[in-house]
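Structure first, then comments.
There are 4 protein chains.
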Amino acid sequence: MSKRYRLLLSCLDQPGIVAAVSRFVADREGNIMEANQYHDPISGMFFMRYIIESPSANMAEKEFADAFGQITERYDMSWRLSIASQKRKVLLMVSKLDHCLTDILYRWKCGDIQLDIPCVISNHDDLRDYVEWHGIPYHLVPVPKDDAGKQAAFEKTAEIIDKYVPDTIVLARYMQILPPWMCAKYPNQVINIHHSFLPSFKGAKPYHQAKARGVKLTGATCHYVTEDLDAGPIIEQDVIRISHHNSVEETVRLGKDVERSVLARGLRYHLEDRVLVHENKTVIFN
Amino acid sequence: MSKRYRLLLSCLDQPGIVAAVSRFVADREGNIMEANQYHDPISGMFFMRYIIESPSANMAEKEFADAFGQITERYDMSWRLSIASQKRKVLLMVSKLDHCLTDILYRWKCGDIQLDIPCVISNHDDLRDYVEWHGIPYHLVPVPKDDAGKQAAFEKTAEIIDKYVPDTIVLARYMQILPPWMCAKYPNQVINIHHSFLPSFKGAKPYHQAKARGVKLTGATCHYVTEDLDAGPIIEQDVIRISHHNSVEETVRLGKDVERSVLARGLRYHLEDRVLVHENKTVIFN
Amino acid sequence: MSKRYRLLLSCLDQPGIVAAVSRFVADREGNIMEANQYHDPISGMFFMRYIIESPSANMAEKEFADAFGQITERYDMSWRLSIASQKRKVLLMVSKLDHCLTDILYRWKCGDIQLDIPCVISNHDDLRDYVEWHGIPYHLVPVPKDDAGKQAAFEKTAEIIDKYVPDTIVLARYMQILPPWMCAKYPNQVINIHHSFLPSFKGAKPYHQAKARGVKLTGATCHYVTEDLDAGPIIEQDVIRISHHNSVEETVRLGKDVERSVLARGLRYHLEDRVLVHENKTVIFN
Amino acid sequence: MSKRYRLLLSCLDQPGIVAAVSRFVADREGNIMEANQYHDPISGMFFMRYIIESPSANMAEKEFADAFGQITERYDMSWRLSIASQKRKVLLMVSKLDHCLTDILYRWKCGDIQLDIPCVISNHDDLRDYVEWHGIPYHLVPVPKDDAGKQAAFEKTAEIIDKYVPDTIVLARYMQILPPWMCAKYPNQVINIHHSFLPSFKGAKPYHQAKARGVKLTGATCHYVTEDLDAGPIIEQDVIRISHHNSVEETVRLGKDVERSVLARGLRYHLEDRVLVHENKTVIFN
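Protein chains in written order, with this note's numbering: chain B, 366 to 651; chain U, 366 to 651; chain P, 366 to 651; chain H, 366 to 651.
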């Protein structure tokens, strides 16, 4: 039986890496179905992604790791091998706005995106019915305004997260700022959708900021969450045209479409192992 | 003989404006060929653009102004009537980069954009041959680094400008910052193309800034110049997709295409009287 | 109490129409909030759309019609006045694919698009649960392959439609071809979403056709249904980039996003009275 | 001294190709700077592009070919090795419209695209001055309407082409249809820009066809010329939005921008060895 694997790796570039890795794969009767690589001339880093089809016996993760160790040590590589058919666990966090949640649930339901959704966490109860109709557990964790209350709420949140052990957490318009300790706890695991074309209009009410500045395009940015608000590595962005006659309310409505599509694309890149992070920037193999 | 006119006006909105103005036009046997209007619910302002076809005797500017006075006083209007076939004088300012200049000269030469180019002013001599091949005067005004030299250079520049009495000045990648007194001297007359999606990456080297932040789109912004650097009213913007593998040099090259097309569109809107400025924002009727 | 009205009209162009109509509106204390007009130089036709705010007593539809009769007769106009806040009845028809249905239901549920959905008709039972969860009646009308069966099915369908008296029928990926008599029965009332950039790839399996031709973009087209398959007046179109490496299945998935957004925009234009049809083409005031 | 090479190859897919080729490259101290590959599941074909940096002594084309022979025979490969810094000879053919010519000359002059232009051939004399100002020979070959005259003209054209031995011929809005024998003579070497989104609106006057159909987007297509008019392998396409109010003349003007940018991108892909043709379709590695 043949299986599909994804191999992601990065290291300082040196001649012979491609030959060494592709020979290793060929020796296991692996066929390289897709290949992407990038040599960054500034940092000297090398990034690579292989989709490999191989008899599963020959690529068993444990055995592969042991054998691959020789190469990874020689080149001092960071690497990850994953089985393409294995669905990731993606925990969703939302507040009251449901366009991103609805979109992800739709894609999940009809099989257009491969993931498991262990639960939804929200600071409001508004979306419970819709989520539970899909057979997904819904956890309400209200977030008070005071510091102590906030701290308790986020501890409670982390507790729920850790119970489900998700691979990824998506802030699908979750309108709270995660505390630094949470950002640090899940590095490059928390994906946010911000409703502006970053770095323009960070922080609160970006559509109001955009209207006030009179820009002619508005956008959305999907990025990894870091301690620095709206300044983490950008995965995907897009814009739509707006006009003087669009009110803030209309801009919000128009923006929803680009938010949900940018988040869907960004999340897909992440789940298909197309994203490598290096120094607050991403390499996207798509 | 029939002529085409453009009527632009703005005032605080009140019922009856459209009826009063369209009746006035109809009384002069004018036919309204295009009409745009916008009521801004925040400021309560009303903006309007008419393209009128009328026997020229009935719309003579002087007579029109006198007769129109009654309406404009009643509604406290700002307004302008222009003859559509009358070309505007657009003075170009450049440095060494020629993609925007080349593009404007091409559109002018083949008649795709209606304007006269009285002269080009530059702080370098590099583009003289190409400009003079088109039969357009070229003025070299070097801009020294010291304050006194700069002041003298800009006085010289203003002198040249005032000799040609242009309607519009285009900074077609002119790599100097105009002094405040020049910005104030030509309000809503100086158009700049900035090589980023404003308000992201104001000031110097925006493509370097964009690369450093790792954005997935880069853009260009056409705006009126005000004393506030890169913060004037935005006329037009657009973006293109970039990737981790695009070096700064490639981003510069890719950006040229969007710069020239954004400038061409913005300049066209301006020349076709499609732009009304209100409180650092534009109403664009297109 | 003030109300918003939409006035749509078309006629052969003549001087004075704008003055006559705007005077009529002003006489009823109407304020013209939005105005669009278009003079087609080929056909000589004039098209106009006004958004009018007026005390409701002064614009009562019956009284307005009587009084407006004088103007419409003089200019031989086609016209329609509608109350902006009055929701249209939009009947949806689907088969098995649910991305367009899901999208419309989402926008309807959250109030982003103004319409009432009296029922959904389908030739399959697959989407019943999802539709009924929204509290909307679901009618199954299977369509057999034989001519007599087809005829009976469409008679049954027309019967259901006529019971609900919808303003508009949306074929949200309804995979059957309406018979000519049905197309004729509901002129400019039936909106279809076709999954290609028309006129490329009419008819069945357009994504397969696109893949076979090796195009680099694929699109979607929202149009009014006429007896001529996929050849009715186009309301809206858009495209997305595809690549050699996208399989037909991936193209189908990518296409869904553009289909739903094109349909949503086209339907919105239709419901906001932004569409005028003339000789198999549309004038879109947006 | 190190040099950059581009290696393009295609063959029926089999396990071990990547390993064999990358090992061959590594043995010559080559470093693979960019890699793209595609396995087509329908045809079973494998396509690959490497950018290799290697000491030039180790990759001398003759020696490489001899040594590489073993691999290419084993896998029955089509392949090509080119030196990245070696400029291709691109012969341009035009008629009267100059936007594509102007654009290519601009990019060539400022070094944004790497090519040599041995000469321009035209069936009109209009663009001679502009071309010769750039120091490029201009050959006038009028094309009469009668068959014998046409045949003679194209024989004369082929004679000129064969004198310059170009790598590529670009029909930069050359408004004549090449005879089948010329299409066959330069397979996948003649690039055309067609002013519609193919397969919509093949043949003459596509903007008129587009206006008549009432489409909401218009486009341009860059493709290799084959005997089948406007049906050759598509390299690149793009569209722009148009509206009911755009006349054919305005559509022509708007279309120019997308024509020139699509041609520039398509030509770049071709010159950078990013295009592989298989069964009337292209694989584009970009």
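Ideal placement from N, C-alpha and C gives every residue a C-beta, glycine not left out.
Query: Option in U:557, U:608, U:444 and U:645 with minimal Cα separation from residue 586 (chain U); Result: U:557
Query: Under the three-state DSSP convention, the category residue 384 (chain U) falls into; Result: helix
Query: Any chain U beta carbon closer than 8 Å to residue 601 (chain B); Result: yes
Query: Residue 497 (chain B) versus B:489, B:506 and B:484, residue with shortest Cα-Cα distance; Result: B:484
Query: Contact set between the stretch 558-570 of chain P and chain H, restricted to residues whose Cβ is under 9 Å from the partner; Result: 562, 563, 564, 565 and 566
Query: Short CB-CB distance (under 8 Å) between residue 626 (chain U) and chain H; Result: yes
Query: Closest Cα partner of residue 579 (chain B) within the set U:439, U:392, U:509 and U:640; Result: U:640
Query: Per-residue DSSP class, three states only, for residue 533 (chain P); Result: strand
Query: Unbroken alpha helix (DSSP H) run spanning residue 644 (chain H), endpoints; Result: Per DSSP, residue 644 (chain H) belongs to no alpha helix (DSSP H) and is neither H nor E.
Query: Proximity below 8 Å, CB of residue 623 (chain B) to CB of residue 642 (chain B); Result: no
Query: Nearest residue (CA-CA) to residue 548 (chain U), options U:610, U:520, U:376 and U:436; Result: U:520
Query: Residue environment, residue 575 (chain B), which counts as buried when at least 16 other CB atoms sit within 10 Å; Result: buried
Query: Reduced DSSP category for residue 487 (chain B) - H, G, I as helix; E, B as strand; rest coil; Result: strand
Query: Stretch-stretch touch, CB-based, cutoff 8 Å, three pairs: the stretch 470-490 of chain U with the stretch 388-401 of chain U; Result: no
Query: 8 Å Cβ cut-off: residues of chain H touching residue 618 (chain U); Result: 477
Query: The stretch 477-498 of chain H: positions lying closer than 7 Å to chain U by Cβ; Result: 477 and 498
Query: Among U:628, U:467, U:379 and U:446, the one whose alpha carbon lies nearest that of residue 440 (chain U); Result: U:379
Query: Cβ-based burial, residue 651 (chain P) [other Cβ within 10 Å; buried from 16]; Result: exposed
Query: Residues that DSSP places opposite residue 587 (chain B) in a beta bridge; Result: B:558 and B:601
Query: Alpha helix (DSSP H) segment containing residue 624 (chain H), residue limits; Result: 613-636
Query: Assumed close pair residue 417 (chain P), residue 385 (chain P) - CB separation to whole angstroms, cut-off 8 Å; Result: Between residue 385 (chain P) and residue 417 (chain P) the Cβ distance is about 15 Å, and since that is not below 8 Å, they are no contact.
Query: Cβ-based neighbour list, residue 619 (chain B), same chain, cut-off 8 Å, excluding 5 preceding and 5 following; Result: 583, 605, 607 and 611
Query: Limits of the unbroken beta strand (DSSP E) element including residue 698 (chain H); Result: In the structure as shown, chain H starts at 366 and stops at 651, and residue 698 (chain H) therefore has no counterpart that could be examined.
Query: Within-8 Å CB hit, residue 582 (chain B) to chain D; Result: Looking at the structure shown, chain D is missing, and the protein chains on hand are B, U, P and H.
Query: Sequence-distant residues of its chain with Cβ nearer than 7 Å to residue 613 (chain P) (five each side left out); Result: 572, 573 and 576
Query: Opposing strand residues paired with residue 571 (chain B) [DSSP bridges]; Result: For residue 571 (chain B), which the question treats as bridged, DSSP gives no partner whatsoever.
Query: Separation of residue 495 (chain H) from residue 479 (chain H), as counted between CA atoms; Result: 20 Å
Query: Opening and closing residue of the alpha helix (DSSP H) in which residue 433 (chain B) lies; Result: 426-440
Query: Three-state class that DSSP yields for residue 376 (chain U) in the structure shown; Result: strand
Query: Segment limits, beta strand (DSSP E) that includes residue 505 (chain U); Result: 503-505
Query: Residues from the stretch 452-464 of chain B in contact with chain P, defined by Cβ distance under 8 Å; Result: 463 and 464
Query: First through last residue of the beta strand (DSSP E) which encompasses residue 455 (chain P); Result: 453-459
Query: Beta carbon proximity, residue 316 (chain P) to chain U, threshold 8 Å; Result: Any question about residue 316 (chain P) goes unanswered here, given that chain P covers just 366 to 651.
Query: Residue of B:503, B:444 and B:369 minimising C-alpha distance to residue 420 (chain B); Result: B:369
Query: Residue 407 (chain B) - partner residues in DSSP beta bridges; Result: Answer is none; residue 407 (chain B) lacks a bridge partner.
Query: Under 9 Å from the C-beta of residue 396 (chain H): neighbouring residues of chain B; Result: 378, 379, 380, 381, 382, 383 and 404
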